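Residue numbers (the working numbering): 9 to 353.
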């Protein structure tokens with residue numbers, strides 16, 4: 009095994025982690041080994057598409073077979089809603105990203121954090137100053153990196169101009185946004201983070217008053233809660249688990265939102281202040297016009313547990329990849345701190 013690692017310039021510990029069933033002292037001719045090459049699986053310089061997501065998860069699963077993979081369901085156009093789980097604890101933390109199409113960079117962040125966490129667990133190291141093995145044994149970290157794969161494919165150009173899906177979306181571009189870069193909704197024009205049964209009627213009233221009365225690029229709440237399959241999948245995934253805390257990643261603003269309406273779960277402010285300190289993002293309440301029917305809102309209302317929306321990065325979405333390292337530097341400590349907080353709950 010050592011000679012194989014040297015031949016491919018691979019790390020021996022990484023080779024052993026990728027092949028937990030192999031006896032390094034008794035390798036047999038004809039047996040197959042996974043040899044992780046000396047580069048990361050998740051890129052920092054490529055826009056996230058549904059295809060890149062699938063390839064990254066395939067690569068991570070090969071390198072780190074202790075990572076569990078599953079599907080929460082499918083998007084409106086049949087794309088898989090991939091879920092990864094890391095850890096053996098009874099307590100759990102849920103991170104979801106990219107409800108909005110032009111916020112795909114948050115999914116890339118989520119994948120990179122997953123890879124670095126897996127790497128730390130495999131090597132016996134730490135993740136942002138926390139012992140990875142201790143977190144792994146205490147907490148199950150569940151991550152759905154790309155809630156809106158069809159929309160992300162539109163924004164990033166994976167759906168080709170002139171194709172039927174592209175033209176159908178273009179026909180719905182009203183009120184108009186920069187197309188396709190400004191598109192937030194799913195590919196059929198429903199805003200996935202305005203689909204949850206927590207003040208949905210109020211969200212409808214607000215958004216209809218703003219002119220978002222039909223399927224389009226942003227802020228259409230849909231005909232009823234949970235009619236979009238992507239939002240329904242996140243809802244069902246949550247109901248099937250027992251998450252102690254949730255983090256919903258969006259862009260932009262460099263702020264952590266807590267609380268929903270009059271709901272204030274126990275320790276939610278204190279926990280939010282710790283996440284704020286870890287990231288450097290201020291802790292604030294959600295603005296009124298965006299304060300209803302979001303995933304965070306429903307989770308807090310339904311479970312009376314801490315849920316947070318993190319607005320990463322600054323500027324107008326989609327944020328450029330030049331912000332990726334800045335986003336990671338601020339938010340990896342936040343997620344690691346959340347894992348530690350859940351482990352001690």
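We put the CB at the ideal spot given by N, CA and C, even for glycine. The model shown is predicted, which means the values in this text are computed figures rather than measured ones.
Verify whether the separation of the beta carbon atoms of residue i and residue j is less than 8 Å.
i	j	result
residue 235	residue 160	no
residue 201	residue 316	no
residue 248	residue 130	no
residue 143	residue 348	yes
residue 44	residue 71	yes
residue 193	residue 226	yes
residue 219	residue 198	no
residue 113	residue 327	yes
residue 262	residue 297	no
residue 221	residue 265	no
residue 243	residue 268	no
residue 224	residue 181	yes
residue 241	residue 80	yes
residue 52	residue 333	yes
residue 89	residue 196	no
residue 274	residue 308	no
residue 97	residue 148	yes
residue 23	residue 12	yes
residue 286	residue 99	no
Quick check: the Cα distance between residue i and residue j, rounded to an integer number of angstroms?
i	j	result
residue 209	residue 217	12 Å
residue 270	residue 280	16 Å
residue 162	residue 86	14 Å
residue 128	residue 215	44 Å
residue 146	residue 330	35 Å
residue 156	residue 260	17 Å
residue 84	residue 276	34 Å
residue 164	residue 40	37 Å
residue 336	residue 64	17 Å
residue 299	residue 30	52 Å
residue 26	residue 95	16 Å
residue 110	residue 60	16 Å
residue 351	residue 185	43 Å
residue 311	residue 10	50 Å
residue 288	residue 338	7 Å
residue 207	residue 251	22 Å
residue 233	residue 301	8 Å
residue 140	residue 49	19 Å
residue 325	residue 33	52 Å
residue 290	residue 190	26 Å
residue 187	residue 82	25 Å
residue 341	residue 124	12 Å
residue 108	residue 66	24 Å
residue 179	residue 170	12 Å
For residue i, I'd like the list of residues in its chain whose CB is within less than 7 Å of its CB, leaving aside the five on either flank, ordered along the chain.
i	result
residue 346	101, 253, 255, 283
residue 126	68, 72, 75, 94
residue 18	43, 44, 45, 46
residue 295	none
residue 16	43, 45
residue 158	83, 84, 85, 87, 194, 195
residue 2	Residue coverage of the chain in this structure runs from 9 to 353, which leaves residue 2 outside it and unanswerable.
Within its chain, find whatever has a CB closer than 6 Å to the CB of residue i; leave out the 5 residues flanking it on each side and keep chain order.
i	result
residue 115	56, 105, 106, 153, 154
residue 1	Any question about residue 1 goes unanswered here, given that the chain covers just 9 to 353.
residue 151	92, 103, 118, 122
residue 138	344, 348
residue 212	229
residue 78	91
residue 322	260, 262
residue 314	253, 273, 276, 279
Taking the DSSP output, what are the residues bridged to residue i?
i	result
residue 135	138
residue 383	Residue 383 is absent from the structure shown; the chain starts at 9 and stops at 353.
residue 54	Per DSSP, none; premise fails for residue 54.
residue 271	268
residue 257	105, 318
residue 78	91
residue 99	147
residue 263	319
Between residue i and chain C, is there a C-beta pair that is closer than 8 Å?
i	result
residue 194	Of the protein chains in the structure, only one exists, and it is not chain C.
Say the cut is 7 Å; is the CB of residue i nearer than that to a heavy atom of the ligand COA?
i	result
residue 186	Of ligands this structure carries none, so the ligand COA is not represented either.
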